[in-house]
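Novice:
Residue numbers (UniProt numbering): 1 to 248.
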């Protein structure tokens, strides 16, 4: 294997960030449709919504469409490599914050917050998920909307699950992603292998990910204890459904 570089990386490394959007577009993930879905929920509950914060915004794929709909949007993420991509591809007027969902403080509140694509499950454990939900609730205006997409519930997770995809991007790179997930206590431990081939050769990297496994009841209790009215809606996006909550 020419040009090989085998390297262990932290979660959401520069390598991962560099292929992230291409990867999920190739796998059929449509951030524009997801943005429309959360917009419909927000408008249904709070029609006069003007400001939205995307917690765990990643590369900003939801922020672009949301910026076309709402007067003011901001994003927050813990992974600096993801934010670096977001800064390159978003309107420069969109404020992006580097911070932890459990303890960020933005000195302002919003009409709506979203936390998509199971970002909440990266908080660390159930106690930190509860802290993150409470912190997001603190940043909501009265009557504001919080939408959270969870990771798979404990009883839905498939121990030993293997997934893999290979695709070619617009620059001619061939990218492969293979993952293996196991349950360890109350966590999903996922090992992800990336193989990237281009004119310079072939490189491969592995990256560990850890997501917290919770029950539906765990999530519901966290929202209620944070002073929110909440409903869980099964199905889209991605089959994991959405928690839709309103600040009392």
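Beta carbons: idealized from backbone N, C-alpha and C, even for Gly.
For a test of the three-state rule: what should DSSP assign to residue 237, helix, strand or coil?
Specialist: Looking at residue 237 - three-state DSSP - the assignment turns out to be coil, as it is neither helix nor strand.
Novice: Helix, strand or coil for residue 223, going by three-state DSSP, please let me know.
Specialist: If DSSP states are grouped into helix, strand and coil, residue 223 belongs with the helices.
Novice: So, residue 41 versus residue 244, is the Cβ gap smaller than 8 Å?
Specialist: Against a cut-off of 8 Å, the Cβ pair of residue 244 and residue 41 comes out as a contact.
Novice: With a cut-off of 8 Å, do at least 3 Cβ pairs link the region 107–119 to the region 91–99?
Specialist: Touching, no.
Novice: Considering only C-alpha positions, which residue in the set 247, 55, 190 and 85 is nearest to residue 160?
Specialist: The option with the nearest alpha carbon to residue 160 is 190.
Novice: Can you tell which of 34, 18 and 43 has its C-alpha closest to the C-alpha of residue 59?
Specialist: Comparing Cα-Cα distances from residue 59 to each of 34, 18 and 43, the minimum goes to 18.
Novice: Count Cβ pairs between the region 118–132 and the region 31–40 that sit closer than 8 Å; are there 3 or more?
Specialist: They do not touch, by the three-pair rule.
Novice: Rounded to the nearest angstrom, how far is the Cβ of residue 212 from that of residue 123, given a contact under 8 Å?
Specialist: Residue 212 to residue 123, Cβ: 7 Å. Contact.
Novice: Verify whether the separation of the beta carbon atoms of residue 188 and residue 181 is less than 8 Å.
Specialist: Against a cut-off of 8 Å, the Cβ pair of residue 181 and residue 188 comes out as a contact.
Novice: With distance defined between alpha-carbon atoms, name the residue in 69, 186, 74 and 163 nearest to residue 126.
Specialist: Comparing Cα positions, the closest option is 186.
Novice: Looking at the structure shown, is residue 107 part of a helix, part of a strand, or coil, going by DSSP?
Specialist: Looking at residue 107 - three-state DSSP - the assignment turns out to be coil, as it is neither helix nor strand.
Novice: Go to residue 245, then tell me how far its beta strand (DSSP E) extends in each direction, as first and last residue.
Specialist: Note, residue 245: beta strand (DSSP E), 242–247.
Novice: Output the distance between the C-alpha atoms of residue 229 and residue 246, rounded to the nearest integer angstrom.
Specialist: Spanning the two alpha carbons is a distance of roughly 5 Å.
Novice: Kindly identify the DSSP beta-bridge partner or partners of residue 196.
Specialist: 175 and 203.
Novice: Restricting to runs no shorter than 4 residues, where is the alpha helix (DSSP H) found entirely within the UniProt domain "Methyltransferase" (52–144)?
Specialist: DSSP runs (the alpha helix (DSSP H)) wholly in the UniProt domain "Methyltransferase" (52–144): 63–67, 80–89 and 126–138.
Novice: Below 8 Å on the Cβ atoms is my contact criterion, and I expect residue 109 with residue 140 to pass it. Report the Cβ-Cβ distance as a whole number of Å.
Specialist: Yes, residue 109 and residue 140 are in contact; Cβ-Cβ is about 6 Å, under 8 Å.
Novice: What is the DSSP secondary structure of residue 169, counted as helix, strand or coil?
Specialist: Three-state DSSP puts residue 169 in coil, outside helix and strand.
Novice: Going by C-alpha to C-alpha distance, which of 146, 82 and 153 sits closest to residue 235?
Specialist: Taking only the C-alpha atoms, the option nearest residue 235 is 153.
Novice: Tell me the DSSP bridge mates of residue 149?
Specialist: None, per the DSSP bridge assignment.
Novice: Taking the DSSP output, what are the residues bridged to residue 11?
Specialist: Bridge partners of residue 11: none, in fact.
Novice: Just curious, the alpha helix (DSSP H) that residue 154 is in, first and last residue?
Specialist: Run containing residue 154: none; DSSP gives neither H nor E here.
Novice: With burial defined as no fewer than 16 other Cβ atoms inside 10 Å of the residue's Cβ, what is the status of residue 144: buried or exposed?
Specialist: Buried: at least 16 other Cβ atoms inside 10 Å.
Novice: Using a Cβ-Cβ cutoff of less than 8 Å, which residues in the same chain neighbour residue 80 once the five nearest sequence positions on both sides are dropped?
Specialist: Closer than 8 Å at Cβ, skipping near neighbours: 98.
Novice: Using a threshold of 8 Å, state whether the C-beta atoms of residue 56 and residue 11 are closer than that.
Specialist: No; because the gap between Cβ atoms is not below 8 Å, this pair is not in contact.
Novice: Using 8 Å as the threshold, is the C-beta distance between residue 198 and residue 26 below it?
Specialist: Cβ distance not < 8 Å, so residue 198 and residue 26 don't count as in contact.
Novice: To the nearest whole angstrom, what separates the beta carbons of residue 135 and residue 103, a pair I think is in contact under 8 Å?
Specialist: Right, the Cβ-Cβ distance comes to about 7 Å (below 8 Å), so this counts as a contact.
Novice: Assign residue 31 to buried or exposed, taking buried as 16 or more other Cβ atoms, counted over all protein chains shown, within 10 Å of its Cβ.
Specialist: Looking at its Cβ environment, which holds 16 or more other Cβ atoms inside 10 Å, residue 31 is buried.
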